[in-house]
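Undergrad:
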Amino acid sequence: MSWINRVRNALPFAAPKRDTPDNLWIKCPSCGEMLFTKEYEDNQSVCPRCDHHGRIGADARLAQLMDPGFVLLPAPKVKEDPLKFRDTKKYVDRIKGARAANPHPDALTNAVGRIEGKKAVVGVQEFAFMGGSMGMAVGNAFIAGTERAIREKCPYIAVTAAGGARMQEGILSLMQMPRSTVAISRLHAAGLPYIVVLTDPTTGGVTASYAMLGDIQIAEPGALIGFAGQRVIQDTIREKLPEGFQRAEYLHAHGMIDMVVHRHSLRATLAETIDYLMAAKAA
Amino acid sequence: MISYLEFEKPVAALEARIAELRDTAAASGELDIAAEIRRLETKSAELLANTYRALSPWQKTQVARHPARPHFRDYVERMFTGFMPLGGDRLFGEDQAIIGGFARLGNRRVMLIGHEKGNDTQSRIRHNFGMGKPEGYRKAVRLMEMASRFGLPVVTLVDTSGAFPGVEAEERGQAEAIARSTEACLALGVPMVATIVGEGGSGGAVALASAERVLMLEHAVYSVISPEGCASILWRTAEKAPEAAEAMKVTAQDLLALGVIDRIVPEPVGGAHRDPAATCTALAAAIGEELDHLAGKNADALRALRAERFLRIGA
Chain E
1 MSWINRVRNA LPFAAPKRDT PDNLWIKCPS CGEMLFTKEY EDNQSVCPRC
51 DHHGRIGADA RLAQLMDPGF VLLPAPKVKE DPLKFRDTKK YVDRIKGARA
101 ANPHPDALTN AVGRIEGKKA VVGVQEFAFM GGSMGMAVGN AFIAGTERAI
151 REKCPYIAVT AAGGARMQEG ILSLMQMPRS TVAISRLHAA GLPYIVVLTD
201 PTTGGVTASY AMLGDIQIAE PGALIGFAGQ RVIQDTIREK LPEGFQRAEY
251 LHAHGMIDMV VHRHSLRATL AETIDYLMAA KAA
Chain Z
1 MISYLEFEKP VAALEARIAE LRDTAAASGE LDIAAEIRRL ETKSAELLAN
51 TYRALSPWQK TQVARHPARP HFRDYVERMF TGFMPLGGDR LFGEDQAIIG
101 GFARLGNRRV MLIGHEKGND TQSRIRHNFG MGKPEGYRKA VRLMEMASRF
151 GLPVVTLVDT SGAFPGVEAE ERGQAEAIAR STEACLALGV PMVATIVGEG
201 GSGGAVALAS AERVLMLEHA VYSVISPEGC ASILWRTAEK APEAAEAMKV
251 TAQDLLALGV IDRIVPEPVG GAHRDPAATC TALAAAIGEE LDHLAGKNAD
301 ALRALRAERF LRIGA
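Protein chains in written order, with full-length UniProt numbering: chain E, 1 to 283; chain Z, 1 to 315.
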């Protein structure tokens, strides 16, 4: 940019009017194709050229999966910053920043409603919120979601996306592994299904707890799913990782998930799954 | 020969001086040297006690990882009798990083499961440095379920830097194996007492520590990620590990205050490695007491106790 443009752009009254908003185009992170944002979003944030499944937030996800009229559940109150954690930045400031940039107060949002007419509570993890990381808020939301499902006598569906545990909550984040597992066992004790939809990326303590305990395990194409991070593994074995390692298709080939389902078919697949799992209860 | 940690250098210097004087005394038989030795011994013991009373979280991490710290096999030898190791997950293989089997603690018959790190190069490799693979966690599930069927309480000794991060472990479902092991702990119809004896590293530790009573040795550490790992992610350098250890609250004392653990088992002055026998006596007594408290509770009551214990944490 020349100095004259720089000066002109710094002056609000002199800056050139833009005919087009910034986000009219979007570049597919996989194939690099330039796509109309509108077209891309109308296609559920799946690249029409290479079928790459983009990361989406809780609101978009819920709108894609649930029938209109679903209701968001309130975010459970939790003790904020229980360890008074500070790294290069205070944890409270990191949360503030994440809240300013995201529509929901933490990384897991529940909604109750219907999927093609079938009742369900759906919890969606927001990767954009501190990497979807699991702390007290996520754990409590997960528990609240399963409790609501038990009251509604319907399945709980978790759509996961997380780097893992929220380190700024230390051991309390780790404790969400047994806590969420308790919640799942209560759902099972009530005879209700727990369905997991693994989306890109799902790793660490989230994978090693509620993301792997579904009656049915569904993953989106290409989603990165694993326990250890790829860099950690590479540092341990000092070899090149195999092609497609820790991707949804790789997990399917190794027997870790039931199916890999295209985003366009996800809603119908969930509805059909619920239909089977709830058939005996409905009769 | 004791291997000294960095912060034990002053103690090491004193103890070296004492040893030197002893050699001189043995040679000459002079009395005034004996007095000097006693004086130095008192000083050294005080210094050691003071050092260990005020260990920082990072220093505790080093004590917890001390090469001479008692490991699973030491506890088996000193605390239990009649240990009968049971092998394999019946699915893939036998993982020596996680060991389990029947054992007697006093007159109590239990299922004993724990991580073994190994104590020399050969055994460390055999035990994969205490980093469990999916087959290890699946073996733990198998043994826990059997214990539950036959009414044997489960005792676990947790000591791992974490579950193994490797291609094969991922391929065979490391995450699922850990999740199932946690689930198996929570579903037990028999009493379960877990103790973090060294390092309680992340999911690999939780998978064997989701018990209704969780104990910790005085200088053990328990955390969501290693201080080095946390530092390299949040501070972008592993050198900030001491700060990360401090911030994450990894010590038994912090975790008791947070309600994450239920009881601290005191270690001898200078850490478990200075007196493994005393450590084992204290731990055996503590676990025995906990088991006796839990005896007579039925399966549903135990499951409820466990569930409520975890749901309460942080609330």
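Ideal placement from N, C-alpha and C gives every residue a C-beta, glycine not left out.
Note that this is a predicted model, so its numbers are computed, not measured.
(1) Specify the secondary structure class of E/D200 as computed by DSSP and reduced to three states.
(2) Nearest CA to the CA of residue 324 of chain Z: which residue from Z/D159, Z/E145 and Z/M144?
(3) If you compare alpha carbons, which of Z/V250, Z/L208, Z/P67 and Z/A211 is closest to Z/E228?
(4) Does DSSP put Z/P85 in a helix, a strand or coil?
(5) Can you give me the C-alpha to C-alpha distance between E/F227 and Z/I18, rounded to a whole angstrom?
(6) From the DSSP secondary-structure annotation, give me the bridge partner or partners of Z/E199.
(7) By Cβ distance, which residues of its chain are closer than 8 Å to E/G205, with the 5 residues on each side in sequence left out?
(8) Check whether chain B comes within 7 Å of Z/A175, counting only Cβ atoms and requiring the distance to be less than that.
(9) Under 7 Å Cβ to Cβ from residue 317 of chain Z, same chain only, skipping five residues before and after it: list those, please.
(10) The beta strand (DSSP E) with Z/R108 in it runs from where to where?
(11) Residues of the segment 70 to 97 of chain E with a CB closer than 8 Å to any CB of chain Z: list them in chain order, please.
(12) Check the DSSP bridge columns for E/V46 and list the partner residues they point to.
(13) For E/K240, which of helix, strand or coil comes out of DSSP?
(14) In this structure, what does DSSP give as the bridge partners for E/M278?
(15) On the DSSP letters alone, give me the boundaries of the alpha helix (DSSP H) that Z/F310 sits inside.
(16) If you draw a straight line from the alpha carbon of Z/G200 to that of Z/I287, how long is it in whole angstroms?
(17) Cβ of Z/E41 within 6 Å of any heavy atom in the ligand MN?
(18) Entirely within the segment 127 to 207 of chain E and at least 3 residues each: give me those beta strand (DSSP E) ranges in chain order.
(19) Using only CA atoms, which one of Z/Q62, Z/R138 and Z/G106 lies nearest to Z/M79?
(20) Indicate the three-state DSSP secondary structure (helix, strand or coil) for E/K119 in the structure shown.
(21) Measure the beta-carbon distance from E/I115 to E/L192 and round it to whole angstroms, keeping in mind my assumption that it falls under 8 Å.
(22) Along chain E, in chain order, which residues have C-beta atoms closer than 7 Å to that of Z/A235?
(23) Could you have a look at Z/L5 and say whether DSSP puts it in helix, strand or coil?
(24) Contact defined as beta carbons within less than 8 Å: I believe Z/G114 pairs with Z/T182. What is the distance between those atoms, to the nearest angstrom?
(25) Please check the pair E/A248 and Z/I178, which I expect to be a contact at CB under 8 Å, by giving their CB distance rounded to whole angstroms.
(26) Taking only beta-carbon positions, decide if Z/S148 is within less than 7 Å of chain E.
(27) Please classify Z/A155: does DSSP put it in a helix, a strand, or coil?
(28) Verify whether the separation of the beta carbon atoms of Z/R124 and Z/G118 is less than 7 Å.
(29) Of all the CB atoms in chain E, is at least one closer than 7 Å to the CB of Z/A182?
(30) For the beta strand (DSSP E) that Z/V265 lies in, which residues bound it at each end?
(31) Between which residues of its own chain and Z/F72 is the CB-CB distance below 7 Å, once the five residues before and five after are set aside?
(32) Report yes if the CB atom of Z/A175 is closer than 7 Å to the CB atom of Z/N128, and no otherwise.
(33) For Z/M248, go through chain E and note every residue whose CB falls closer than 8 Å to its CB, in chain order.
(34) May I ask you to report which of helix, strand or coil DSSP gives E/A111?
(35) For the segment 209 to 219 of chain Z against the segment 231 to 251 of chain E, are there 3 or more C-beta pairs whose distance is under 8 Å?
TA: Quick look at the numbers:
(1) strand
(2) Given that chain Z is displayed from residue 1 to residue 315, the structure contains no residue 324 of chain Z and the question cannot be resolved.
(3) Z/V250
(4) strand
(5) 50 Å
(6) Z/V221
(7) M134, G164, A165, S173, L174, Q176 and M177
(8) Among the protein chains of the structure shown, namely E and Z, there is no chain B.
(9) Beyond the ends of chain Z as shown, which are 1 and 315, falls residue 317 of chain Z; an answer cannot be given.
(10) R108 to H115
(11) V78, K79, P82, L83, F85, R86, D87 and T88
(12) E/H53
(13) coil
(14) Looking at the DSSP assignment, E/M278 forms no beta bridge with any residue, so it has no partner.
(15) A299 to R312
(16) 18 Å
(17) Within the structure as shown, the ligand MN is missing, as the structure has no ligands at all.
(18) 156 to 162 and 194 to 202
(19) Z/G106
(20) strand
(21) Actually they do not touch by this definition, with Cβ atoms about 15 Å apart.
(22) One point to set straight first is that residue 235 of chain Z is Trp, not Ala, in the sequence displayed. Those within 7 Å of Z/W235 in chain E are D87 and T88.
(23) coil
(24) Incorrect: roughly 16 Å between the Cβ atoms, too far for contact.
(25) With 8 Å as the limit, E/A248 and Z/I178 do not qualify as a contact, their Cβ atoms being about 20 Å apart.
(26) no
(27) The sequence shown places Val at residue 155 of chain Z, not Ala. Reduced to three states, the DSSP call for Z/V155 is strand.
(28) yes
(29) As written in the sequence, residue 182 of chain Z is Thr, which differs from the Ala given in the question. For Z/T182, the answer is yes, since a Cβ of chain E falls inside 7 Å of its Cβ.
(30) R263 to V265
(31) I99, G114, H115, E116, L157 and D159
(32) no
(33) L83, F85, M167, G170 and I171
(34) strand
(35) no
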